[in-house]
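A.B. asks: Residue 65 in this note's numbering sits at position 65 of the sequence shown; the count goes up by one each step and never skips.
We treat Cβ as the ideally placed atom computed from N, Cα and C, and that holds for glycine.
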Amino acid sequence: MMLEKTTRVNYLFDFYQSLLTPKQKSYMSLYYLDDYSLGEIAEEYDISRQAVYDNIKRTEAMLEQYETKLLLFRKFQERQQLIEQLKAAAFKVDHERSLLTLIEALEKLD
Numbered sequence: 001m002m003l004e005k006t007t008r009v010n011y012l013f014d015f016y017q018s019l020l021t022p023k024q025k026s027y028m029s030l031y032y033l034d035d036y037s038l039g040e041i042a043e044e045y046d047i048s049r050q051a052v053y054d055n056i057k058r059t060e061a062m063l064e065q066y067e068t069k070l071l072l073f074r075k076f077q078e079r080q081q082l083i084e085q086l087k088a089a090a091f092k093v094d095h096e097r098s099l100l101t102l103i104e105a106l107e108k109l110d
């Protein structure tokens with residue numbers, strides 16, 4: 001469950017980080033991408049561990065609000081599922097693989 005949450009937050013951060021403040025970006029990046037502990041981030045910024053925790057929790061909530069409104073992650077997931085379905089269907093009917101080649105090119109654009 002924790003891995004699912006971490007993966008989700010990482011995707012949301014990828015999609016919405018441009019909407020965050022520099023401090024929020026830094027805390028989230030250190031915590032989720034660089035695997036710093038709350039204590040290590042607190043030491044780095046000379047603030048309390050609780051302040052780091054509160055900021056990260058608030059930022060996670062903001063990312064979820066952005067997703068609720070903009071749905072970038074959900075649309076990305078749906079697109080990935082459709083691409084997988086297209087690849088499976090193309091493989092069944094197109095043994096020359098030209099359709100698959102086009103679908104894979106489309107997939108790389110994401």
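Does DSSP put residue 109 in a helix, in a strand, or in coil?
C.D. replies: Indexing the sequence shown from 1 puts residue 109 at position 109. It is coil, neither helix nor strand.
A.B. asks: Are the beta-carbon atoms of residue 33 and residue 13 separated by less than 9 angstroms?
C.D. replies: Taking the first residue of the sequence shown as 1, we reach residue 33 at position 33. Taking the first residue of the sequence shown as 1, we reach residue 13 at position 13. Going by C-beta atoms, residue 33 is nearer than 9 angstroms to residue 13.
A.B. asks: Please work out which residues of its chain come closer than 7 angstroms, Cβ to Cβ, to residue 86, disregarding the five sequence neighbours upstream and downstream, and give them in chain order.
C.D. replies: Within the sequence shown, residue 86 is the residue found at index 86, counting from 1. Cβ within range, chain order: 103.
A.B. asks: Using only the alpha-carbon positions, how far apart do residue 66 and residue 38 sit?
C.D. replies: In the sequence shown, residue 66 corresponds to position 66, counting from 1. In the sequence shown, residue 38 corresponds to position 38, counting from 1. The straight-line gap from Cα to Cα measures roughly 24 angstroms.
A.B. asks: Of the residues 110, 63 and 64, which one's Cα is nearest the Cα of residue 81?
C.D. replies: Position 81 of the sequence shown holds residue 81. Here the closest residue by C-alpha is 110.
A.B. asks: Under the rule that 16 or more other beta-carbon atoms within 10 Å means buried, what is residue 93, buried or exposed?
C.D. replies: The sequence position of residue 93 within the sequence shown is 93, counting from 1. Answer is exposed; the Cβ neighbour count stays below 16.
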